[in-house]
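Visitor: Using this note's numbering, count along the sequence shown one by one with no gaps and you end on 1704.
Built from N, CA and C at the ideal position, the CB exists for glycine as well.
I have a structure I would like to understand better, so I am pasting it below and will then ask my questions one at a time.
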Amino acid sequence: MFKHISVSVGALLLLCACGGGGGGSTSSSTGSTGSSTVSPADINLSKAIEEGAIEGYSDTASIEDQYLAVINYFRSLPIKCADQRAIQGPSGALTWNPNLAAAALEHSQDMNASGHYGHIGSGTGWDITGSFVGHASSFEERIERNGYTGSLKGENIAKNESKPNPAPQDFWLTVMEGWIQSHTGHCSNIMEPRFEDFGMAEVRGDVNATGWYTTYWTQNFGGS
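The structure is reproduced here in structure tokens:
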């Protein structure tokens, strides 16, 4: 489930995706199946921003609005995912959901504080939902405990390690490109037509004893 991508000298980006509904997996249903498609490999967010192609995106907007604008930009395109589920867009726009965002923040904080990376929580005191349910939390449990009631759920996570300096503040755009270009489920989570709601959070750690800076991102998706 792990995708290792060399981003730049002295940087490593790790991605991990998990999608699920009541039964623990999303279907391979698709959106538009027209013949015209966009390859994820051709996505260049910096260029799209420069050209004003991302509706609702502004450098002065809140980070939540920027996250949402980029996700909905992806979903507006006839992208054919290069992963196992191979979902093809375009798909309907998502709505920012504070409960999904709270679950995303909880997990990013847990991964940062505990050093544990994965969709299952650390099982330590930093795993807030895990402490409540009595075992290391699943992403479905975190989403539900943070108040989201939809039955369909999904999660993308990413971890960036950079040295000697932390990744730039807009490195999340590179993470977004990594997810949409991934071959291991991230793209299909982003493009899944049954998802309706979205939340995302970033947590930056301090430099560790070996001089590496670590940043964690979590995306949560939901639908009825």
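1) Within the 9 Å Cβ cut-off, does P1578 reach chain B?
2) Check whether the Cβ atoms of L1632 and I1529 sit closer than 9 Å, and answer yes or no.
3) Given that a residue counts as buried once 16 or more other Cβ atoms are within 10 Å of its Cβ, and exposed if not, what is S1588?
4) In this structure, how does DSSP classify S1631 when only helix, strand and coil are distinguished?
5) Using a threshold of 9 Å, state whether the C-beta atoms of C1498 and S1668 are closer than that.
6) Rounded to a whole number of angstroms, what is the C-alpha to C-alpha distance between E1544 and A1689?
7) Please classify C1667: does DSSP put it in a helix, a strand, or coil?
8) I need the DSSP call for D1466, collapsed to helix, strand or coil.
9) Please classify A1582: does DSSP put it in a helix, a strand, or coil?
10) When you compare only the Cα positions, how much space is there between M1656 and F1612?
11) Apart from the five residues just before and just after S1526, which ones in its own chain have a Cβ nearer than 8 Å to its Cβ?
12) To the nearest angstrom, how far is it from the Cα of S1512 to the Cα of M1591?
13) Can you tell me the Cα-Cα spacing of E1682 and G1627, whole angstroms?
14) From P1648, W1576, F1554, pick the residue whose C-alpha is nearest to that of E1676; which is it?
15) Which residue comes first and which comes last in the alpha helix (DSSP H) that contains R1625?
16) Roughly how many angstroms lie between the CA atoms of N1524 and Q1546, to the nearest whole one?
17) Do you know offhand how far K1643's Cα is from P1570's?
18) Return the bridge partner residues of Q1699 from the DSSP annotation.
19) What separation, rounded to the nearest whole angstrom, lies between the Cα atoms of Y1537 and R1625?
20) Just the Cα atoms here: how many angstroms apart are F1651 and A1638?
Guide: On the basis of the supplied data:
1) Checking the listed chains, one finds no chain B in this structure; it contains a single protein chain.
2) L1632 places its beta carbon 9 Å or farther from that of I1529.
3) The residue is buried, with at least 16 neighbouring Cβ atoms inside 10 Å.
4) Here S1631 carries a coil assignment [DSSP, helix/strand/coil].
5) Their beta carbons are not under 9 Å apart, which means C1498 does not touch S1668 by this criterion.
6) About 32 Å.
7) Here C1667 sits in helix by DSSP.
8) Any answer about residue 1466 is impossible in this case: the structure gives the chain only from 1481 up to 1704.
9) Looking at A1582 - three-state DSSP - the assignment turns out to be helix.
10) Between M1656 and F1612, the alpha-carbon positions lie close to 31 Å from each other.
11) Once the five neighbours on either side are set aside, the close Cβ partners of S1526 are L1653.
12) Only weak support is given to the placement of S1512: the predicted model assigns it a pLDDT of 42, under 50, and the value that follows is read from those uncertain coordinates. Our two residues, S1512 and M1591, have alpha carbons roughly 36 Å apart in a direct line.
13) Cα to Cα, E1682 sits roughly 20 Å from G1627.
14) Closest option to E1676, Cα to Cα, is W1576.
15) Secondary structure note for R1625: its alpha helix (DSSP H) is the uninterrupted segment 1619 to 1625.
16) N1524 and Q1546 have their C-alpha atoms some 15 Å from each other.
17) Between K1643 and P1570, the C-alpha separation is close to 37 Å.
18) Beta-bridge pairing links Q1699 to N1636, M1680.
19) Between Y1537 and R1625, the C-alpha separation is close to 31 Å.
20) Between F1651 and A1638, the C-alpha separation is close to 11 Å.
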